[in-house]
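Chemist: Residue numbers (the working numbering): 2 to 181.
Here you go, one structure.
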Amino acid sequence: MENRAVESICFVVDRMLGVLARNLRMFGFDAVYERSGDFPSLLLRAVREGRWLLTRRRVKQPLGSDVVLLNISEDPPEAQTIQVLRAMPGPPPPDRWFTRCLRCNDLLREVSPEECSERVPEYVLSIHSSFRECPRCGRVYWGGSHSERMRKSMIRWLKDAGHGIHGDSHGPKSGLFAGS
Ligand SMILES: [Zn+2]
2 MENRAVESIC FVVDRMLGVL ARNLRMFGFD AVYERSGDFP SLLLRAVREG RWLLTRRRVK
62 QPLGSDVVLL NISEDPPEAQ TIQVLRAMPG PPPPDRWFTR CLRCNDLLRE VSPEECSERV
122 PEYVLSIHSS FRECPRCGRV YWGGSHSERM RKSMIRWLKD AGHGIHGDSH GPKSGLFAGS
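Here it is in structure tokens:
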């Protein structure tokens, strides 16, 4: 129940918060990053699309709107991420982790090793069989040690935000790591 509420959360993030947007995408969240948006256009998008609005600006909750607005007060992106996770009713479900392109925000799709062989180093093809690609930028992701480090950070952020995740072992068998 809790998880379902968390799954439906999505974000619009202001231009000061690019790393935060990327961190939220690691968890599978739809986090739109507005590079050029001024505050009124960010707010409009948040209202229209039911997104949480994350901003560095010190702004008050707009009157008459039920938009969730978080003023991100922390400086380091890790602390910002924990601040956002803490505001959620529960932890993001591990089966959604690593399902989005960290660069584009698009949902990844499964591809066979043959389909991505041109874009993946040979040694990676020889030890991995599961690949996903971004339909927008074509970047290929696969399991690897780097994503294992990411996963550990993500579990730590969740703990610091007060969310235990039931059975860490239920997470993705391997995270995903992108080629260049
Ligand atoms: Zn992409």
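The beta-carbon is built from N, C-alpha and C at its ideal position, and this holds for glycine as well.
Source: prediction; values computed, not measured.
Within the continuous beta strand (DSSP E) that includes valine 13, where are the two ends?
Modeler: 12-14
Chemist: Please go through the same chain and pick out, in chain order, the residues whose beta-carbon is closer than 8 Å to the beta-carbon of proline 63, but skip the five residues on each side of it.
Modeler: Hits under 8 Å: Leu44 and Leu70.
Chemist: How about arginine 140 and glutamate 149: do their beta carbons lie closer than 8 Å?
Modeler: no
Chemist: Anything with a beta carbon under 6 Å from a heavy atom of ligand 1 counts; list them all in chain order.
Modeler: Cys102, Arg104, Cys105, Asp107, Cys135, Arg137, Cys138 and Arg140
Chemist: Bridge partners for arginine 133 per DSSP, in chain order?
Modeler: Glu111 and Tyr142
Chemist: Taking the beta strand (DSSP E) that serine 33 falls in, what are its first and last residues?
Modeler: For the sequence presented, residue 33 should be read as valine rather than serine. Start and end: 32-34.
Chemist: Which whole-angstrom value is the C-beta distance of tyrosine 124 and phenylalanine 132, which I expect to be below 8 Å?
Modeler: Actually they are not in contact, since the Cβ atoms of tyrosine 124 and phenylalanine 132 sit about 14 Å apart, beyond 8 Å.
Chemist: In the DSSP assignment, what are the bridge partners of asparagine 72?
Modeler: Thr56
Chemist: Quick one: what does DSSP say arginine 104 is sitting in, helix, strand or coil?
Modeler: coil
Chemist: Once you ignore the five residues that flank isoleucine 207 on each side, which residues in its own chain have a CB closer than 8 Å to its CB?
Modeler: In this structure the chain extends from 2 to 181, so residue 207 is not present and cannot be described.
Chemist: Alpha carbon to alpha carbon, how far is arginine 152 from cysteine 102?
Modeler: If I take the Cα positions, the gap works out to 16 Å.
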